[in-house]
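S.K.: Please read through the structure below; I'll follow up with questions.
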Amino acid sequence: MGVSSLILSVVLLNIFAYTTIKLRPRIYGVSLFKPMIWNFKLSLLPFAILVVDTIIFLLVAIIASYSGIAFIRYALECSQSNHGFVRVALALPNSGYLITELNLTHRDIDGDKVPIWYDIISVMAFAMSGIVNTLVNIVMIQVMILVFYDPSTVTKAHQSIFMLTALVLNLLVAIGVYLGRSIRFNSWDVIHIKSFFTKLKNHFKQPGEWKNCILFVVFHTLFFMIMYVLAGIPFFFK
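In structure tokens form, the structure reads like this:
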């Protein structure tokens, strides 16, 4: 799969997933399951942040270049890129979170009014859109790394860096998805540090939660990495 194929898959899966959940109440006369719509919108948040941060980064680079002082340019670019990475890292799990829609909880509300095949296709599309959204965001981050360091050629050493970057980002996604599903954390909850750590501490006091957390994170990280390789992303930079 090339870059164009990945982008096309992202667009089509997102449109299809959103359309199926919007058509569901119209076709079968049930209520719109709004949490899925909200989660879908949140899954696009990391991409929006990346686009905005890229624009800001370019503007900062242009403004800094007019200063004529290399140190000021470097400091401004580093500051913007670091802040941008933190924002994206906090928002990125929102994309991968769509995989948890596979539990089909919305069927508990509607009973058997909607055929199971419809919800299977719809929710699979949601989960896959979350996966490809995550992959695209990772690719964008890696491209920004290339732009920032501006290597003359991409060597095998860079390939290792890309794989390591993908592993770290997918690990963060898996941790974020776990926190969102198990403790119901949102990306912005880290603003309230005291409350965040109190909930975290209380959660892991429960028997078996550490084991569940580790297994959840390991298996989800491996799954996202397999999808990363399956999409052929490591070969984009050769």
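According to this note's numbering, the sequence shown is numbered sequentially starting from 107. Even for Gly, the Cβ is constructed at its ideal location relative to N, Cα and C.
Would the beta-carbon of glycine 202 fall within 7 Å of that of valine 274?
M.R.: no
S.K.: Please identify the residue among Val116, Ser110, Leu112 and Leu321 whose C-alpha is closest to the C-alpha of alanine 231.
M.R.: Val116
S.K.: Alpha carbons only, please: which of Phe268, Ile205 and Arg287 is nearest the one belonging to valine 238?
M.R.: Ile205
S.K.: Measure the Cβ-Cβ separation of alanine 272 and threonine 327 and say whether it is below 7 Å.
M.R.: No, Cβ-Cβ distance for alanine 272 and threonine 327 is not below 7 Å.
S.K.: Count the other CB atoms, across all protein chains shown, that sit within 10 Å of the CB of arginine 290; report buried if there are 16 or more and exposed otherwise.
M.R.: exposed
S.K.: Taking one C-beta from the segment 219–236 and one from the segment 157–172 each time, how about it: are there three or more such pairs within less than 8 Å?
M.R.: no
S.K.: Is DSSP giving proline 313 helix, strand or coil here?
M.R.: coil
S.K.: DSSP three-state call for serine 137: helix, strand or coil?
M.R.: coil
S.K.: Starting from the Cα of lysine 147, find the closest Cα among Tyr124, Tyr134, Val166 and Ile168 and give me that residue.
M.R.: Here the closest residue by C-alpha is Tyr124.
S.K.: Which two residues bound the contiguous alpha helix (DSSP H) that contains glycine 202?
M.R.: 199–202
S.K.: Rounding to the nearest angstrom, what Cα-Cα distance links valine 166 and isoleucine 251 in this structure?
M.R.: Approximately 16 Å between the Cα atoms of the pair.
S.K.: Using the rule of at least 16 other Cβ atoms within 10 Å of the residue's Cβ for burial, across every protein chain shown, is tyrosine 134 buried or exposed?
M.R.: exposed
S.K.: Rounded to the nearest angstrom, how far is the Cβ of valine 194 from that of isoleucine 247, given a contact under 8 Å?
M.R.: 7 Å
S.K.: Given a cut-off of 7 Å, decide if leucine 150 and alanine 197 are closer than it, judged by their beta-carbon atoms.
M.R.: no
S.K.: Since I believe valine 323 is in contact with leucine 112 (beta carbons under 8 Å), could you give me their beta-carbon distance rounded to a whole number of angstroms?
M.R.: The distance from the Cβ of leucine 112 to that of valine 323 is about 25 Å, inconsistent with a contact at the 8 Å cut-off.
S.K.: How long is the line joining the alpha carbons of alanine 233 and tyrosine 172, rounded to whole angstroms?
M.R.: The alpha-carbon separation between alanine 233 and tyrosine 172 amounts to approximately 46 Å.
S.K.: For tyrosine 139, which of Leu164, Leu118 and Glu207 has the nearest alpha-carbon?
M.R.: Sequence check: residue 139 is phenylalanine here, not tyrosine. The shortest Cα separation from phenylalanine 139 among Leu164, Leu118 and Glu207 belongs to Glu207.
S.K.: Under DSSP, the alpha helix (DSSP H) around isoleucine 215 begins and ends at which residues?
M.R.: 213–216
S.K.: So, phenylalanine 325 versus asparagine 276, is the Cβ gap smaller than 7 Å?
M.R.: no
S.K.: Hey, how far is the Cα of asparagine 200 from the Cα of glycine 236?
M.R.: Near 8 Å, if we compare the C-alpha coordinates of glycine 236 and asparagine 200.
S.K.: May I ask you to report which of helix, strand or coil DSSP gives phenylalanine 122?
M.R.: Reduced to three states, the DSSP call for phenylalanine 122 is helix.
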